[in-house]
Amino acid sequence: MKYNTNDEPLKLPEYGRNIQNIVHYIETIEDREKRNELARYIIRMMGKINQSSHENAEHKLWFHLALMSNFKLDIDYPVEINPEEITTKAELPKYPKNTIKVRYYGKNIEMILEKLCQMEDGEDKQTLLLATANQMKKYHYQWAKSHVTDDVIFESIKRLSNGKLSLPSDTKLVYVKETTTTPPKRHKKNYKNRRK
């Protein structure tokens, strides 16, 4: 019995071994017109297998055909086939390398505090700082699942702003449980005792 593990590895597994075998068969045909005709036929089959709405779908199919034949299939390609396309690797996405100082506050809180440091002193700045402090208290509560004192938040603001921002010591932050939402309890209905 012959197993697929003894055969050559598939170049493009999405098309399957039969398509790859047909491509190899087309390579052996001596008549160029016959090769071109069979290549167009196999492209239609590949298009049904790999249905793509991409604007370069036809170019992609012809490139896949060439790839399955190791670029040895001698036919009249209707598109330009460049073997170097396979060797070019896509660039890796660039991820931000900056670290978050306090993970449970997140990067957005750090950015807000940086912007507040640049603002001129005034009522608007203090209002935004108070709103930010309330949000920080909420985040801290969600992370620790326990009550956090306002002093801890004030200290975090000083530390994250390098001492540039502070709230008056008599400032009262919003009670955390008022700011966090919990889903309402649902009561099970007793359908058995209901009259029809």
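Just so we're aligned: 254 in this note's numbering is position 44 of the sequence shown, and the numbers increase by one with no gaps anywhere. Each residue gets a CB set at the ideal place from its N, CA and C atoms; glycine is no exception. Only a predicted model underlies this, so the values are computations on that prediction, with no experimental measurement involved.
message: Helix, strand or coil, according to DSSP, for F281 in the structure here?
response: coil
- Cβ pair I259, Y305 closer than 7 Å: no
Could you tell me the alpha carbon to alpha carbon distance between I310 and G316, rounded to whole angstroms? 6 Å
- On the three-state DSSP scale, how would you describe N216? helix
Considering only their Cβ atoms, is the gap separating L271 from I253 smaller than 7 Å?
yes
Discussion item. Check whether the segment 272 to 280 and the segment 311 to 330 are in contact - that is, three or more C-beta pairs closer than 8 Å.
Written reply: no
As assigned by DSSP and simplified to three states, the class of M329 = coil
- On the premise that L383 lies in contact with A343, defined as a C-beta separation below 8 Å, what is that separation, rounded to the nearest angstrom? 6 Å
Review point. What does a CB cutoff of less than 7 Å around P293 pick up in its chain, not counting 5 residues either side in sequence?
Key: F281
Those runs of the alpha helix (DSSP H) which lie wholly inside the segment 345 to 385 and span at least 4 residues: 360 to 370
- Message: Within a Cβ cutoff of 6 Å, which residues of the same chain sit near I285, ignoring the five residues on either side of it in sequence?
- Response: R245, N246 and A249
- Helix, strand or coil: which one does DSSP assign to V233? helix
Inset, instruction - Sort H234, L338, P223 and M255 by Cα distance to I367 and report the nearest one. - result: L338
Determine the direct distance from the alpha carbon of K348 to that of T389, and round the result to whole angstroms. In this prediction, T389 scores a pLDDT of 49, lower than 50, which makes its location untrustworthy; the coordinate-derived value is nonetheless stated afterwards. The alpha-carbon atoms of T389 and K348 are separated by roughly 7 Å.
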